[in-house]
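Okay, structure first, notes after.
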Amino acid sequence: AQKVTQAQTEISVVEKEDVTLDCVYETRDTTYYLFWYKQPPSGELVFLIRRNSFDEQNEISGRYSWNFQKSTSSFNFTITASQVVDSAVYFCALSDDSGGGADGLTFGKGTHLIIQP
Amino acid sequence: NAGVTQTPKFQVLKTGQSMTLQCAQDMNHEYMSWYRQDPGMGLRLIHYSVGAGITDQGEVPNGYNVSRSTTEDFPLRLLSAAPSQTSVYFCASSTFTDEKLFFGSGTQLSVL
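Sequences listed follow chains A and B, in order.
To convert, note that position 64 of the first sequence is 89 in the numbering used here; the numbers rise steadily by one, no gaps.
To convert, note that position 71 of the second sequence is 79 in the numbering used here; the numbers rise steadily by one, no gaps.
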């Protein structure tokens, strides 16, 4: 069975600080896909990134970066120079299917990130 | 292009009532699914479908029925609502070439 653990229930930082959201996963599949979604206070789910199990390169997109380490089964997400607009609940998710659509996504419980001005 | 459309956005039911949450997508996606989101629990998969006429159970299917008679529509039925079904429900769709799920805007359901 697949499992995703986001141990940080809530994180609060002051604007402009860097913050890392942790994600640890469990799966018996050799091919799998990891995702991060953002849920702002408005409630919609915003896709941030997908990474497959064969690509361990770290990814950077503006202030966002992701660190994928198969050795520790982790896929951590860092926001550099955080802004108030980054306040949201962030979900890490896992699937054995490319887009998570065929068999569904296994979500972590989410990390509520609060950026204080 | 509307994407994934869920109706209604809000609903209040009494225990024992039945209702159908509607989900439609206009992207010709093969895959459709329903999730429920509860505080502190993340999103959990209820049912999913890989094509018209094919459905399967997810992690939390009890109390819910689905059918997929067309590619576009994937309704979720509550036959006898219970307070434990108070939640936010999300419908999602994708195709096998997509790298992500496309989510609807959600339905907030309260069962009294």
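Note that CB positions come from ideal geometry on N, CA and C, so glycine has one too.
Item: Mind checking if B:E107 is an interface residue toward chain A, Cβ cutoff 9 Å exclusive?; Value: yes
Item: Of all the CB atoms in chain B, is at least one closer than 9 Å to the CB of A:R75?; Value: yes
Item: What residue range does the beta strand (DSSP E) around A:Q31 cover?; Value: Run containing A:Q31: none; DSSP gives neither H nor E here.
Item: For chain B, find out if any of its Cβ atoms is closer than 9 Å to the Cβ of A:E69; answer yes or no.; Value: yes
Item: Determine, using beta carbons only, whether A:L138 and A:I104 come nearer to each other than 9 Å.; Value: yes
Item: For B:T28, is the classification buried or exposed, using 16 other Cβ atoms within 10 angstroms of its Cβ as the cut-off for buried?; Value: exposed
Item: Report yes if the C-beta distance between B:S75 and B:D64 is below 9 Å; otherwise report no.; Value: no
Item: On the premise that B:K108 lies in contact with A:G129, defined as a C-beta separation below 8 Å, what is that separation, rounded to the nearest angstrom?; Value: With 8 Å as the limit, A:G129 and B:K108 do not qualify as a contact, their Cβ atoms being about 13 Å apart.
Item: In chain A, which residues lie less than 9 Å from B:V58 when you measure between Cβ atoms?; Value: G126, A127, D128
Item: On the criterion of 16 or more Cβ atoms from any shown chain inside 10 Å, does B:M40 qualify as buried, or is it exposed?; Value: buried
Item: Please classify A:V29: is it buried, with 16 or more other beta-carbons within 10 angstroms of its beta-carbon, or exposed?; Value: buried
Item: Since A:K134 meets chain B, which of its residues come closer than 8 Å, beta carbon to beta carbon?; Value: G48, M49, G50
Item: Look at the alpha carbon of B:W42 and the alpha carbon of B:S101, and state the distance between them as a whole number of angstroms.; Value: 9 Å
Item: Relative to the C-alpha of B:T85, which residue among B:R52, B:G112, B:E67, B:C31 is closest?; Value: In the sequence on display, residue 85 of chain B carries Arg and not Thr. Of B:R52, B:G112, B:E67, B:C31, the residue nearest in Cα terms is B:C31.
Item: On the criterion of 16 or more Cβ atoms from any shown chain inside 10 Å, does B:D34 qualify as buried, or is it exposed?; Value: exposed
Item: In this structure, does DSSP put B:V96 in helix, strand or coil?; Value: strand
Item: Have a look at B:E67, B:V96, B:F111 and flag the residue whose alpha-carbon is nearest the alpha-carbon of B:V119.; Value: B:V96
Item: Would you say B:G24 faces chain A, with C-beta separation under 9 Å as the test?; Value: no
Item: Short of 7 Å Cβ to Cβ, which residues in the segment 96-124 of chain A face chain B?; Value: F116, S123, G124
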